[in-house]
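S.K.: Those protein sequence lines, which keep their order, are chains A and B.
Per the numbering used here, the very first residue in the first sequence carries number 3; after that it's consecutive.
Per the numbering used here, the very first residue in the second sequence carries number 916; after that it's consecutive.
The beta-carbon is built from N, C-alpha and C at its ideal position, and this holds for glycine as well.
My structure is below; once you've seen it, I'll send some questions.
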Amino acid sequence: MADWSMEELLEWDKKICSLGEGLKLDWYPIEYEICDYKEMMGHMAYTGLPTHYRHWSYGKSFDRIQTEYNLGMSGLPYEMIINSNPSISYLMTENPMPTHILTMAHCVGHSDFFKNNRMFAETGADTVIDRFKSAGKRVKKYMEDPNIGIDKVENILDSCHTIKYQVPRTPGLKRRNHKQLKKYYKDLIKKDDSGRFNGFNINKIPLEPDTNLLAFISEHNRYLEEWERDLINIVEQESLYFIPQACTKIMNEGWACMIHEKIVNSLGIPDNYFLSFIRLHNQVVRPHLGRINPYHLGFKIFKYIEEKQGFDECLRVRETHNDETFIKTYLNEELCKELNLFTYSFNNREGYNKVIDVSGKESWQRVRDDLIKSIGLNSIPVVIVKELKKDGTLILQHEHDGRDLELSEANKVFEHINRLWQGDVRFTTIIEDETWEF
Amino acid sequence: MSVFKEHKTIADRASSDRSRHRHKIEKAIKESIKDVVAEESIIGQSGKKKIRIPVKGIKEHRFVYGMNEKNKQVGSAQGKEVKEGQRIGHRRRARAQEGEGNKPGNKPGEEMYEIEMSLEELAGYLFSDLNLPELEKKNFKFTTQEKMKRKGKRPYGIRPRLSKKETIKQKIRRKKAAIKAGSYDPESGERFSFHESDLRYKHIAPVTKENTAAVVFFVMDVSGSMTKSKKFLARSFFFLLYQFLNHKYSSIDVVFVSHTADAHEVNEEEFFTQVPNGGTMVSTGLNKVEEIIDKRYHPNNWNIYTFYCGDGDNWSIDNKDTLAAFRRLKEINQTMCYTEIGKLYSYKEYSLFAGSQEKRLWDWTKLVEGKNFKRVRLEESKDIWPAFKKLFGGKS
């Protein structure tokens, strides 16, 4: 049984909160749910959301988490917190008190980040839990509907999940449907006298290349039944909700680590707690050889900013930046060298990963730029809807940025898109400098 | 101030999705096993041998960048020295791009469940797919044997089968009853004698017993025309047959007979690796089987299965004997199967060599076809499973 009591938790929480306020942090109230490790695995499998809809893939991740945990391959995370108001977080009964203290301080950092970072402005933290609850209920309803059934629902969800990251990468931009966009362009053309719209085809669909495949299919596929369209929208909405988190993973974790370090250091914890805390903290922010540990990178950069420009600057940075701009602005030669960042890629001929650049005097900028290309959503190929032909053919294009697609995977995804579109789909990309059409 | 909630554990929320996922895996296993059957690695192994079965089809696909030089990753190496051009990590094979051989399992990073099971379990899996109960009725008439078995006691019979024990028991019973009724006084010293109705005889009745032992004859043509790949097909097919029968019968004997112009009983290894030579006389192989059955496996005690495998070549003078042997064997076998490997030549093609009057074994054996005699043709490994179903599944 746990070696701590509820009274202790409350007491530490009070202290942590007042220290947080002292740091001029502003966070959503936090709701800690105390659960056992099995429930924790359940929450992890369902991306933390307590009201998430059902799908076999979450059962699959549960099994994987459980296997890894049972084999001792990985531990369970200390913290998991949801971008909601109030922020929901989980504390695992099995964890000792020092871990809880660290977790709670860490969560204050995250919740503060959710509330203040501009990326999250449109995520609807107040209503997210209810929105997911409603979506979950609808999915359940469709599964239980004798005219639909679990197999059909899964088919749609399976297909949607293959393109769930094919959504706009700029958080907060409200999508305009075709009608709205058409009106916007008509007005623009009316007012315009520069002639830059000469030859502009106002009847083209879409008027602007669309990066939101799910929303486009939901809007333009006339054969969809209402429940099918609803499922597509559910998946799309979830993706949009998670985009800001994908864009700020490094900052968010770095910020939370910095905050928990600050809070715990001035918390006046007993010596024996302090040792466990140091051990935990170092475990979390240690570099992972050959990879990027977002906790480590974010923490290092924030510490550097604090050292050079003070904590107030950090507060400003956590509000205005995302990972891309954060790294571009603050990861300098000195830090690159200290972290000893390097780039590598797989050499097909040799069958080895080979180092390309190390952080040197000239090369550190290349390393930094490649880092930006590989973080968050930048590691996911961009696919756009180019055109919807009159005959119903959907023209998709991969925005090639020098990196070729993995064809075997792309083929499979293509099949799923076909299934969702229920019509002809053409998809082009570039493989080894030649156009490739599916 | 934060809020702390200690909620009571509700039912495991992931349970239904987990069972759904497992259901999918199960389905995928069955799909994959059929591929595995056609693969080399499992053939000719002992039943206890564990094999790994790659299971595909439950992966969730995404657009991802390929593993190549242009797709650069970034890592940190704090406190370590890294040089440009240095190799890191272990050697890996490149992900197979479309078109250049799509063997499963070659692609690193591909999510693949590997299920480990013994060949016996695998066979169990495979055959659970065939509708076994129906099969049993149709194709598994076990040979029966009549045996005399004790079947209780009865009040009449011949003297040698008198059961003294049971007779005395009857007398004691009668005596006790008499004492109770007052008709006999045990103190009186009077002898309480046997009575005709006390006599009990052992009863023996004939029962029919099903034989659950089977013997399987694998007969193969190992003459020059049987190439390695043909033999491989035969081997795969035999393996499946063996596993299946093994699954059905309590004990099973396997006899390998290889023949060219004369036949020998050989062991498994020789059977598949023998260097080919000589011509082909199918009847010799079949006669050998008959000889062995005569010596060791009486049809009354054994369920006999004979599988012949060849490429359809036979010396024409031998065809008559061969057919006669097939007919004889068919009578004593549960199933006699003639398997021909390779394409059926068009009429023109073979008439060039053998004269237009000549028929090939495939045509000849049609004459023998019946309930116990089946013909199947294997052209490539994917034919194995349908052929197998044709033999045992009733429907192909």
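1. Taking any Cβ of chain B, which residues in the segment 328–361 of chain A have a Cβ under 8 Å from it, in chain order?
2. Ignore the nearest five residues each way along the sequence and tell me which others in E263/A's own chain have a CB closer than 7 Å to its CB.
3. Using beta carbons (cut-off 8 Å, strictly below), is V997/B in contact with chain A?
4. Is the segment 250–270 of chain A touching the segment 292–305 of chain A, taking contact as three or more C-beta pairs under 8 Å?
5. Can you give the Cα-Cα distance for Q1189/B and E946/B, rounded to whole angstroms?
6. Within the 8 Å Cβ cut-off, does N1202/B reach chain A?
7. Using the beta-carbon of each residue, which ones in chain B are nearer than 8 Å to S376/A?
8. What is the DSSP secondary structure of K1052/B, reduced to helix, strand or coil?
9. Count the other C-beta atoms from every protein chain shown that fall within 10 angstroms of the C-beta of K918/B, then say buried if there are 16 or more, exposed otherwise.
10. Could you check the C-alpha separation between S59/A and T49/A for me, to the nearest Å?
11. What is the residue span of the beta strand (DSSP E) that F328/A lies within?
12. Which whole-angstrom value is the C-beta distance of F344/A and D359/A, which I expect to be below 8 Å?
13. Measuring only the C-alpha atoms, how far is G362/A from K339/A?
14. Give the interface partners of R405/A over in chain B, defined as CB-CB distance under 9 Å, in chain order.
15. May I ask you to report which of helix, strand or coil DSSP gives A248/A?
16. Can you list the residues of chain D that K945/B reaches, using a CB-CB cut of under 8 Å?
17. Please return the same chain residues whose Cβ sits closer than 8 Å to the Cβ of W1/A, not counting the five positions on each side in sequence.
18. How about F1152/B and L1293/B: do their beta carbons lie closer than 8 Å?
19. What is the DSSP secondary structure of W438/A, reduced to helix, strand or coil?
20. So, are the CB atoms of S1078/B and K1068/B less than 8 Å apart?
21. With 8 Å as the threshold, decide whether the Cβ of V1320/B is near any Cβ in chain A.
22. Which runs of the alpha helix (DSSP H) spanning at least 4 residues fall entirely within the segment 253–304 of chain A, listed in chain order?
23. For the beta strand (DSSP E) holding K356/A, just list the boundary residues, first then last.
24. Would you mind sorting K1018/B into buried or exposed? The rule is 16 or more other CB atoms within 10 Å of its CB.
25. Is the beta carbon of L1201/B sitting closer than 8 Å to the one on L1244/B?
26. Can you list, in chain order, the residues of its chain whose CB lies under 7 Å from that of L21/A, leaving out five sequence neighbours each side?
27. Let me know if I83/A comes out buried or exposed under the rule of 16 or more other beta-carbons within 10 Å of its beta-carbon.
28. Let's test the definition: count the other Cβ atoms within 10 Å of the Cβ of F1109/B and tell me whether it reaches 16, buried, or not, exposed.
29. Can you name the residues of chain B whose CB is closer than 9 Å to the CB of C162/A?
30. Between the alpha carbons of E33/A and T172/A, how many angstroms are there, rounded?
31. For R1065/B, does the three-state DSSP call read helix, strand or coil?
32. Please tell me whether K939/B has its Cβ less than 8 Å away from any Cβ of chain A.
33. Assuming F1241/B contacts F1288/B (C-beta within less than 8 Å), just tell me the rounded distance between them.
34. Under a three-way DSSP split, which group does S347/A fall into?
35. Starting from S113/A, trace the alpha helix (DSSP H) in both directions and tell me its first and last residue.
36. Provide the residue(s) that pair with G394/A in DSSP beta bridges, ordered along the chain.
M.R.: In this structure, then:
1. Within the segment 328–361 of chain A, the qualifying residues are E340, L341, N342, L343, F344, T345, Y346, S347, F348, N349, N350, E352, G353, Y354, N355, K356, V357, I358, D359, V360.
2. Reading the first sequence from its first residue, position 261 is the one you call residue 263/A. Excluding residues within five positions, the ones whose Cβ falls inside 7 Å are H283.
3. One-based indexing of the second sequence puts residue 997/B at position 82. It does: the Cβ of V997/B has a partner Cβ on chain A nearer than 8 Å.
4. Touching, yes, given that three or more Cβ pairs across the two stretches are closer than 8 Å.
5. Here residue 1189/B corresponds to residue number 274 of the second sequence, with the count starting at 1. Here residue 946/B corresponds to residue number 31 of the second sequence, with the count starting at 1. Computed Cα separation, rounded: 34 Å.
6. Indexing the second sequence from 1 puts residue 1202/B at position 287. Under the Cβ distance rule, N1202/B does not count among the residues neighbouring chain A, no pair being separated by less than 8 Å.
7. Your numbering for residue 376/A matches position 374 in the first sequence. Simply K987, Q988, V989.
8. The count along the second sequence starts at 1 and reaches residue 1052/B at position 137. Per-residue confidence for K1052/B stands at a pLDDT of 41, beneath the threshold of 50, marking its modelled position as unreliable; the derived number appears in the next sentence. Here K1052/B sits in helix by DSSP.
9. If you number the second sequence from 1, residue 918/B lands on position 3. Correcting the residue type first, residue 918/B is Val in the shown sequence and not Lys. Its Cβ having fewer than 16 others within 10 Å, V918/B is exposed.
10. As a first step, residue 59/A must be located in the first sequence, where it is residue number 57. As a first step, residue 49/A must be located in the first sequence, where it is residue number 47. The alpha-carbon of S59/A is positioned some 12 Å away from that of T49/A.
11. Position 326 of the first sequence, counted from the start, is the residue given in the question as residue 328/A. Element bounds for F328/A: not the beta strand (DSSP E) but the alpha helix (DSSP H), 325–332.
12. Numbered from 1 along the first sequence, position 342 holds the residue referred to as residue 344/A. Numbered from 1 along the first sequence, position 357 holds the residue referred to as residue 359/A. Your pair F344/A and D359/A checks out as a contact, with CB atoms roughly 6 Å apart and the cut at 8 Å.
13. In the first sequence, the residue the question calls residue 362/A occupies position 360. In the first sequence, the residue the question calls residue 339/A occupies position 337. Looking at the backbone, the Cα of G362/A and that of K339/A are separated by about 7 Å.
14. Taking the first residue of the first sequence as position 1, residue 405/A is located at position 403. The contacting residues are Y980, G981, N983, K985, N986, K987.
15. Residue mapping note: residue 248/A aligns to position 246 of the first sequence, counting from 1. In the structure shown, A248/A sits in a helix (DSSP, three-state: H, G or I).
16. Given the protein chain composition of this structure (A and B), no chain D is represented.
17. Nothing about residue 1/A can be read from this structure; chain A reaches only from 3 to 440.
18. Taking the first residue of the second sequence as position 1, residue 1152/B is located at position 237. Taking the first residue of the second sequence as position 1, residue 1293/B is located at position 378. Yes. Within cutoff.
19. Your numbering for residue 438/A matches position 436 in the first sequence. It is a strand residue.
20. As a first step, residue 1078/B is located in the second sequence; it is residue number 163 there, counting from the start. As a first step, residue 1068/B is located in the second sequence; it is residue number 153 there, counting from the start. Taking 8 Å as the Cβ cut-off, S1078/B and K1068/B qualify as a contacting pair.
21. This structure cannot settle anything about residue 1320/B, because the visible part of chain B is limited to 916 through 1311.
22. Taking only runs of at least 4 residues, the alpha helix (DSSP H) segments lying wholly in the segment 253–304 of chain A are 273–287.
23. In the first sequence, residue 356/A corresponds to position 354, counting from 1. Its beta strand (DSSP E) spans residues 354–360.
24. Along the second sequence, read from residue 1 onward, the residue named residue 1018/B stands at position 103. The predicted position of K1018/B is uncertain, since its pLDDT is 35 and thus under 50; a value taken from the coordinates is nonetheless stated next. So K1018/B counts as exposed.
25. Position 286 of the second sequence, counted from the start, is the residue given in the question as residue 1201/B. Position 329 of the second sequence, counted from the start, is the residue given in the question as residue 1244/B. One thing to note: L1201/B has its Cβ within 8 Å of the Cβ of L1244/B.
26. Along the first sequence, one-based indexing puts residue 21/A at 19. Annotation for L21/A: I265, S268, L269 place their beta carbon closer than 7 Å to its own, counting only its chain and skipping 5 residues before and after.
27. On the first sequence, residue 83/A is found 81 positions in, with the first residue counted as 1. Sixteen is the threshold: when 16 or more other Cβ atoms of the shown chains lie within 10 Å of the Cβ of I83/A, as they do, the residue is buried.
28. Taking the first residue of the second sequence as position 1, residue 1109/B is located at position 194. With fewer than 16 Cβ atoms within 10 Å of its Cβ, F1109/B is classed as exposed.
29. Within the first sequence, the letter at position 160 stands for residue 162/A. None at all; the shortest Cβ gap to chain B is about 11 Å.
30. As a working mapping, residue 33/A is identified with position 31 in the first sequence. As a working mapping, residue 172/A is identified with position 170 in the first sequence. Cα-Cα distance, rounded: 29 Å.
31. In the second sequence, the residue the question calls residue 1065/B occupies position 150. In the three-state scheme derived from DSSP, where H, G and I count as helix and E and B as strand, R1065/B is classed as strand.
32. Sequence index remark: in the second sequence, residue 939/B carries index 24 (1-based). Yes, contact with chain A.
33. Here the question's residue 1241/B lines up with position 326 in the second sequence. Here the question's residue 1288/B lines up with position 373 in the second sequence. Between F1241/B and F1288/B, the beta carbon gap of about 7 Å places them in contact (Cβ cut-off 8 Å).
34. To locate residue 347/A, count along the first sequence from 1; it is residue 345. Assignment of S347/A by DSSP, reduced to helix, strand and coil, places it in the strand class.
35. In the first sequence, the residue the question calls residue 113/A occupies position 111. Here the alpha helix (DSSP H) through S113/A covers 99–118.
36. Along the first sequence, read from residue 1 onward, the residue named residue 394/A stands at position 392. Checking the DSSP bridge columns, you'll see G394/A has no partner listed.
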